[in-house]
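To keep things clear, I will list the structure first and then write my remarks on it.
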Amino acid sequence: GTVLRLFSPAQRDSIRFEPFGARSLMPGLYAEHDIFVLPSLVEGMPLVLLEAMASGLAVVTTESSGMTDLVEDGHDGLLTIPGDAHSLAAAIGSLCRDARRRHDLGSAAQEKMKRFTWRRSALRHEAVFLRALGIKPALSAS
Numbered sequence: 038g039t040v041l042r043l044f045s046p047a048q049r050d051s052i053r054f055e056p057f058g059a060r061s062l063m064p065g066l067y068a069e070h071d072i073f074v075l076p077s078l079v080e081g082m083p084l085v086l087l088e089a090m091a092s093g094l095a096v097v098t099t100e101s102s103g104m105t106d107l108v109e110d111g112h113d114g115l116l117t118i119p120g121d122a123h124s125l126a127a128a129i130g131s132l133c134r135d136a137r138r139r140h141d142l143g144s145a146a147q148e149k150m151k152r153f154t155w156r157r158s159a160l161r162h163e164a165v166f167l168r169a170l171g172i173k174p175a176l177s178a179s
């Protein structure tokens with residue numbers, strides 16, 4: 038029993054299901070595709086999303102906490118409503134029909150990832166915690 042049985046027999050022919058991939062295979066998988074979809078309900082900052090963006094893929098994900106920290110809706114990816122299949126399908130469908138938009142979103146995502154560092158991310162999170170404690174951050178996290 039794989040996830041494929043959730044699809045009609047006609048749909049199954051166009052789906053390749055790979056439950057686990059070796060890390061060494063990931064760059065090739067990203068390169069073979071045009072759209073990366075991560076419809077999680079709750080996430081932190083998933084490495085797979087960072088990798089997909091760095092690979093220049095157009096990403097579709099949900100408006101959950103970790104994703105909104107990474108993806109600017111309509112600029113470097115598309116954000117959908119968590120748990121809303123119609124929202125997800127509409128976003129994916131719009132990208133399937135628009136190669137230019139896929140390219141633009143993927144390019145913007147790749148540019149963002151070139152500037153992304155774990156240090157910068159940590160400083161941004163530290164600034165949020167300090168503000169919550171009523172302390173003005175000493176360093177700019179932007």
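Numbering-wise (the working numbering), the sequence shown opens with residue 38 and increments by one.
Note that the Cβ used here is the ideal one computed from N, Cα and C, for glycine as well.
Simplified DSSP assignment, three categories, for Thr154 | coil
Compare the beta carbon distance of Phe54 and Leu41 with 8 Å and say whether it is the shorter of the two.
-> yes
Leaving aside the five residues before and after Ile72 along the sequence, list all residues of the same chain whose C-beta is less than 6 Å from its C-beta, in chain order.
-> For Ile72, where only same-chain residues beyond five positions count, the Cβ hits under 6 Å are Ala95, Leu132.
Leu115 and Ala128 closer than 8 Å at C-beta | yes
Are Met90 and Met150 touching if we call contact CB-CB under 8 Å?
-> yes
Distance, Cα to Cα, Glu69 vs Ile118?
-> The straight-line gap from Cα to Cα measures roughly 27 Å.
Secondary structure at Thr99, three-state DSSP: helix, strand or coil?
-> strand
What do you get for Ile52, buried or exposed, if any count of 16 or more other CB atoms within 10 angstroms of its CB means buried?
-> exposed
Tell me where the alpha helix (DSSP H) around Leu170 begins and ends.
-> Run containing Leu170: none; DSSP gives neither H nor E here.
Smallest Cα separation from Ser92: which of Pro76, Asp121, His140?
-> Measuring C-alpha to C-alpha distances from Ser92 to each of Pro76, Asp121, His140 identifies His140 as the nearest.
Whole angstroms is fine: what's the gap from Val97's alpha carbon to Ser61's?
-> 23 Å
Taking only the alpha-carbon atoms, compute the straight-line gap between Gly111 and Leu142 and give it to the nearest angstrom.
-> 7 Å
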